[in-house]
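In the numbering used here, the protein residues as written are 22 to 567.
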């Protein structure tokens, strides 16, 4: 049918929009490769002595040498003072580095609530243009960070870039989901997540030492996201506004028809108009639910708690520890060129993100989640065993590296994309926007906690760190097995009945509201997504991570 054609205007609009997703992925991955270069620069700016280097990097190289004690080796008082000073300096640098990584998630956490609101108020195109202002400001701060107090400029730039990504994580999937023909909505939605993981991979490649990840060019590497921001801003002027926004939000049918004719390449847009009319009627027939009501209303309480647990499982599994600190993990594993191994992780992530698009439509959500979590549990065990035995058996470095690759693969098969599917399917039209906003907020919050604390946890636990994550993964796997219902192909009434059964309650479920997996409700569902980047959904690929 004419409505299901892929036109040049549609391709141009989608590629323009996912440039924002590419920036999102680039900002996630760019901080990893130049870690030691940036830490060295922090040391230089703050005047931390060169002799503190081993203290700062001990987590990566497992140094057992004593730190220099200063010019008075025979005097215990200066020695004690020097040791305290060294420890304080090392702790300050580690704190600043952890904040440089984690402030990104704080920005995303704050902005995740406002993407849909901004899109509804300004329109999808203007909202993306406004969001790009944040991207440009953040990129420029990092670009010029070498010229001033680098730690302040980088942390500020990363925080502002996080605000941008929090907004774009809702705006981009919302826009491409609304302009895509029904037949291709899933495939086009997948481009959002693929653009994110591609951005991660590109940032890792150009972050190589002989390209931009060196002492001379690292600031350009951090600020390079300004290029796609400028390019997208120029291209957005030639993109049609979302016809769903024009028709459903503004009630401007003539403009919606004009936009649809450009996107579909046909004057016959009756099918799309009819679908949007039905969507508008459904949206107005069911009362919206606030976030507070999700927790106070007994009908929603268990689904929202299960939804939040799924997102906690996703983030606390240790996946973001690998993505944020993969270079230092590979150093600890004894890999001579850890940055190339990190790029390998990015490539595996991209491949399995694409593969999961097909897998999740074939199998049930719950079963894939359990398979993914079980595989991650086994991989986490092997990861830690490899790190613990590395000193005795050098070949164990390959065991750890293989386990990391498989860990990422299992993550993308299940725990990455599935929570977003299931949250969307737990709730009908009324409570779904609030539930997805809450899920996105919790996802960014957990992301922030891991980004901030992983370095300290790794320092404290040493090679045993992934035994800790294995225990966490096991707990969430058991929770999923006993508490999470299967949702594939079920109506809201059937899912609600499953929750009642699992909670042992006799309370009857609310009236049935059929889930429309590829239909009009996708617009509402796609208004919020995760930040990592690493998550994909074949139904709603627009919901992600990060």
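Just so you know, even glycine gets a beta-carbon here, dropped at the ideal spot from N, CA and C. These figures come from a predicted structure and were not determined experimentally.
| query | result |
| --- | --- |
| Using the three-state DSSP reduction, which class does residue 235 fall into: helix, strand or coil? | coil |
| When the distance is taken between beta carbons, is residue 190 closer than 8 Å to residue 140? | no |
| Could you compute how far the alpha carbon of residue 29 sits from the alpha carbon of residue 471? | 42 Å |
| Exposed or buried, what is residue 35 when buried is set at 16 or more other beta-carbons lying within 10 Å of its beta-carbon? | buried |
| What are the boundary residues of the alpha helix (DSSP H) that includes residue 182? | 171-200 |
| Can you check the segment 368-446 for any beta strand (DSSP E) of at least 3 residues that lies completely inside it and give the ranges in chain order? | none |
| Looking only at its chain, what residues have a beta carbon closer than 8 Å to the beta carbon of residue 488, apart from the 5 residues adjacent to it on each side? | 401, 402, 405 and 482 |
| Would residue 390 and residue 324 qualify as a contact pair, given that the criterion is a beta-carbon distance under 8 Å? | no |
| In the segment 265-326, which residue ranges form an unbroken alpha helix (DSSP H) of at least 4 residues, counting only runs that do not cross its ends? | 274-285, 291-306 and 312-317 |
| Hey, how far is the Cα of residue 200 from the Cα of residue 232? | 38 Å |
| Under three-state DSSP, which class holds residue 357? | coil |
| How about residue 124 and residue 183: do their beta carbons lie closer than 8 Å? | yes |
| So is residue 225 buried or exposed if we call it buried at 16+ other beta carbons inside 10 Å? | buried |
| Please determine if the segment 285-292 and the segment 425-435 are in contact, where contact requires at least 3 C-beta pairs separated by less than 8 Å. | no |
| Check whether the Cβ atoms of residue 192 and residue 132 lie closer than 8 Å to each other. | no |
| Kindly indicate which three-state DSSP category residue 575 falls into: helix, strand or coil? | There is no way to answer for residue 575, as the model of the chain reaches only from 22 to 567. |
| For residue 536, does the count of other Cβ atoms within 10 angstroms reach 16, so buried, or fall short, so exposed? | Here residue 536 scores only 39 on pLDDT, less than 50, and its place in the model should not be relied on; the value that follows carries that caveat. Label assigned to residue 536: buried. |
| Leaving aside the five residues before and after residue 172 along the sequence, list all residues of the same chain whose C-beta is less than 8 Å from its C-beta, in chain order. | 63, 66, 67, 117 and 121 |
| Is the Cβ-Cβ distance between residue 216 and residue 46 less than 8 Å? | yes |
| Which of the three DSSP states is assigned to residue 53 in this structure? | coil |
| Which word fits residue 275, buried or exposed, when buried means at least 16 other C-beta atoms lie within 10 angstroms of its C-beta? | exposed |
| Considering residue 159, what are the terminal residues of the alpha helix (DSSP H) in which it resides? | 145-164 |
| Does the count of Cβ pairs from the segment 415-423 and the segment 323-339 closer than 8 Å reach three? | no |
| Please report the distance separating the alpha-carbon of residue 78 from that of residue 397. | Here the model assigns residue 78 a pLDDT of 47, short of 50, so the residue's position is not dependable, and the following value carries that caveat. Distance between the alpha carbons of residue 78 and residue 397 is about 28 Å. |
| Are there 16 or more other CB atoms within 10 angstroms of the CB of residue 412, so buried, or fewer, so exposed? | exposed |
| Helix, strand or coil for residue 28? Go by DSSP, reduced to three states. | coil |
| How is the alpha helix (DSSP H) around residue 254 delimited, first residue to last? | 247-257 |
| Just to confirm my understanding: we take residue 27, look at its own chain, exclude 5 residues before and 5 after, and list those with CB closer than 6 Å. What are they? | none |
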